[in-house]
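Asks:
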Amino acid sequence: MPYIMLVHWIADFLCQTRWMAENKSKNLLALSAHVGIYTAVLGVACIPVLGLVPGIQFALINGVLHFVVDFCTSRVTTYFYQKQNMHAFFATVGFDQYLHFLCLWYVKAWVS
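Numbering (our numbering), first residue to last: 364 to 475.
1. For the ligand PLP, any of its heavy atoms closer than 7 Å to the Cβ of Gln379?
2. Which full runs of the alpha helix (DSSP H) of 4+ residues lie inside the region 371 to 395, going along the chain?
3. Is the separation between the beta-carbon of Leu467 and that of Ile367 shorter than 8 Å?
4. Where does Gly399 sit, in a helix, a strand or coil, going by DSSP?
5. Enumerate in chain order the residues of its own chain whose CB-to-CB distance from Phe370 is below 8 Å, with the five nearest sequence positions on each side excluded.
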């Protein structure tokens, strides 16, 4: 699981452009681009560890879940950022990551 968490961090943060981060709360193209790259990176990195079919299943299921989570949390973080409530902003970012890790954990248990 530590490997998958590292891949998640790379895919979710390092591979996300500033445009994606700033626009995914109001632009489905930005959110879809972010999730597409996230899913591709997750799949490429997890296929060697999980195997071809489980790796693809893992990446695709987590891609859909990632879209749903970010669709909701990005709107909340944007609201708090605009209100300059940085405590609530970072608390929401942390909760977003908690939800992503839950998804990764349960989907890995399901596909394994």
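Cβ atoms here follow ideal geometry from the backbone N, Cα and C, with glycine treated the same way.
Replies: Quick answer:
1. Inclusion of the ligand PLP in the displayed structure is not the case, the ligand content being empty and no account of it being possible.
2. The region 371 to 395 contains these whole alpha helix (DSSP H) runs: 381 to 386.
3. Taking 8 Å as the cut-off, the beta carbon of Leu467 is found closer than this to the beta carbon of Ile367.
4. helix
5. According to the sequence provided, residue 370 is Val. The question's Phe does not apply to it. Excluding five sequence positions before and after Val370, the CB atoms of its chain that fall closer than 8 Å to its own CB belong to Val404, Leu405, Ala408, Cys409, given in chain order.
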